[in-house]
Each structure stands twice: as C-alpha cells, then as structure tokens.
Amino acid sequence: MRNLKKRKKHLLYGIIIFNLLILGCAHLPFYFDKKEMARVKKVAIFPFRNLTKNPHAREIVTQIFLAELAKSGRFEVEELGNIVDFMVEQRLGIGTNPDRARLRLLRKRYKIDAVILGNILAFRERGSVPYINLTARMVTTDTGKIIWKAFIEKNGDDYIKILNIGKIRSLNQLTTIVVKELINSMG
C-alpha cells in the first residue's frame, strides 16, 4: 500500500514537471505593455529588414503581416505606399529605425499612434521543410517607447499533430501562421 502511494506521488510529480517543460517551451517570447497598447488605434508597418539570402523574403513577410494585421481588426493600418513614400522623402533606408522626430512627423501627418518594425533572420527551406525566424516590435510615435516586441522561430514540422497531419509545406503558409501568432501576442 505504501509503495503504491509512493508510485502515485512520483507519477504526479513527473506529470507536473513534464507539463511545466512542455507548456514553458510553447510560449512565444514577447514583451507587452498593456496600458500603452490600449492607446494605439492606428499603426504603420515599415518594410521588414531582410537579413537572409532570399531576395523575396522582405516583400512576402511585410505583405503577409500587413494583410493579417488588417484582417485581425485590432488596429487601423496605414497604407504601405504612404509609408514607403515617407521613407523615400525622409531618406530612410529599409531596416533603418526612424528617430523620434520622424516618428512625430508620422504621427502628425498620418495620425499614426505606433509603428511596427521587424527583422527577418531566416526564411528558407531545410530540405523540404520551410523554416522562418522573425523579430518584430511596436514603437509609439509620441515617445519612441517599445510597447510590444516578439521573437518567433518555427519550421513546418512544428505543427505536426500525428502521422504528418498538420505539417506545413510552404514558406508562405508557414509565414501566415507565424505572423498570426505574432499578432495574437499583441494582447
């Protein structure tokens, strides 16, 4: 009887530790300022900085992020064309962080509360498995303070449930899923 209680106790501890490990690894690493985020109504997405060898990564990731954020209805999203025109006018290169004066100008000109900036660290296929690694952050246009930032690294096999069901087979499909996860981390 005593041995059975001991086994149950060890089994319970094992289950708790296993769940902590699994659930602890499943969360998206992010920072989120709930109070500041509540004030944000309109955002602009700057083209993501492409640090990969794939020449199409910036366009794909930026367009998917823009479409998914607009679809989520979480914020009003400024047209990318206006942001690109602003970048050209202000001589801001892709991946250049706008300074506070330029952020304030964006706020004044387009009534934008925050901008989203990001980096594409990996965007490729390993064998036949798509792989993506992104960082993104949201910065207020009045103070320049970071109010949200996140990092995500995924591959197509991360979504397999059982017997290859759920496997992601394309970079575009994986990008859409990853971007949705990033947007969901915005609160």
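Per the working numbering, the sequence shown starts with residue 4, numbered consecutively.
Virtual Cβ for every residue (Gly too), placed ideally from N, Cα, C.
Pairing L109 with W151, the inter-Cα distance amounts to about 19 Å.
Per DSSP, F78 lies in no beta strand (DSSP E) segment and is marked neither H nor E. N53 counts as buried, since at least 16 other C-beta atoms from the protein chains shown sit within 10 angstroms of its C-beta. Counting only residues of its own chain and dropping the five nearest sequence neighbours on each side, L174 has a CB closer than 6 Å to the CB of P133. Take the alpha-carbon of E128 and the one of R77: they are about 31 Å apart.
Listed as beta-bridge partners of P133 by DSSP are E128. F49 has its alpha-carbon roughly 7 Å from the corresponding atom of L83. The C-beta distance from S188 to A153 rounds to 5 Å, short enough to meet the 8 Å contact threshold. Counting along the chain, the unbroken beta strand (DSSP E) around Y34 starts and ends at 33-35.
Per the C-alpha coordinates, the member of A139, V118, I180 positioned closest to G159 is I180. The alpha-carbon separation between E79 and K114 amounts to approximately 10 Å. Cβ atoms of T144 and V118 come within 8 Å of each other, at about 6 Å.
Judged by DSSP secondary structure, E92 falls within the alpha helix (DSSP H) whose first and last residues are 83-92.
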